[in-house]
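Peer 1: Pasting a structure below so you can have a look.
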Amino acid sequence: MKRGILVLNKMEIESLVLKINIEKFRGSPLYEKLNSASRSIENNINISISEEELESILDEIGPPVSNDSILSSAYEKIISLLQRMRS
Numbered sequence: 001m002k003r004g005i006l007v008l009n010k011m012e013i014e015s016l017v018l019k020i021n022i023e024k025f026r027g028s029p030l031y032e033k034l035n036s037a038s039r040s041i042e043n044n045i046n047i048s049i050s051e052e053e054l055e056s057i058l059d060e061i062g063p064p065v066s067n068d069s070i071l072s073s074a075y076e077k078i079i080s081l082l083q084r085m086r087s
């Protein structure tokens, strides 16, 4: 399993957590990572994350929404990290 570091800013994390139901992941490492990131006071948040976890997030958020630039930015960062992991 490939792993990487996803770097999102506070607004991107907040937008992501509002969009997906993190309760679906309760009891998993992904839940702990997203919950911890959403409580962080840092502006830029580094999340050690697996390819599978990134896929799970993408499954939850669906295609990017053009009128939500913050969520779209988070989506692009996730896609970019996945592409780097797979190359």
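Numbering of the sequence shown is given in full-length UniProt numbering, commencing with residue 1 and proceeding in unit increments. Virtual Cβ for every residue (Gly too), placed ideally from N, Cα, C.
Under 8 Å by Cβ, that's how I've got glycine 4 and leucine 81 pegged, so tell me the actual separation to the nearest angstrom.
Peer 2: By one-based count along the sequence shown, residue 4 stands at place 4. By one-based count along the sequence shown, residue 81 stands at place 81. Correct: roughly 5 Å between the Cβ atoms.
Peer 1: Could you check the C-alpha separation between glutamate 55 and valine 7 for me, to the nearest Å?
Peer 2: Within the sequence shown, numbered from 1, the residue matching residue 55 stands at position 55. Within the sequence shown, numbered from 1, the residue matching residue 7 stands at position 7. Cα to Cα, the separation comes out at about 16 Å.
Peer 1: Is the beta carbon of isoleucine 13 sitting closer than 8 Å to the one on isoleucine 57?
Peer 2: Position 13 of the sequence shown, counted from the first residue, corresponds to residue 13. Position 57 of the sequence shown, counted from the first residue, corresponds to residue 57. Contact: no.
Peer 1: Quick one: what's glycine 4 bridged to in DSSP?
Peer 2: The sequence position of residue 4 within the sequence shown is 4, counting from 1. Ile49, per the DSSP bridge assignment.
Peer 1: Considering only C-alpha positions, which residue in the set Met1, Arg39 and Glu23 is nearest to leucine 10?
Peer 2: Taking the sequence shown and counting its residues from 1, the one referred to as residue 10 is at position 10. One point to set straight first is that residue 10 is lysine, not leucine, in the sequence displayed. For lysine 10, the nearest C-alpha among the options comes from Arg39.
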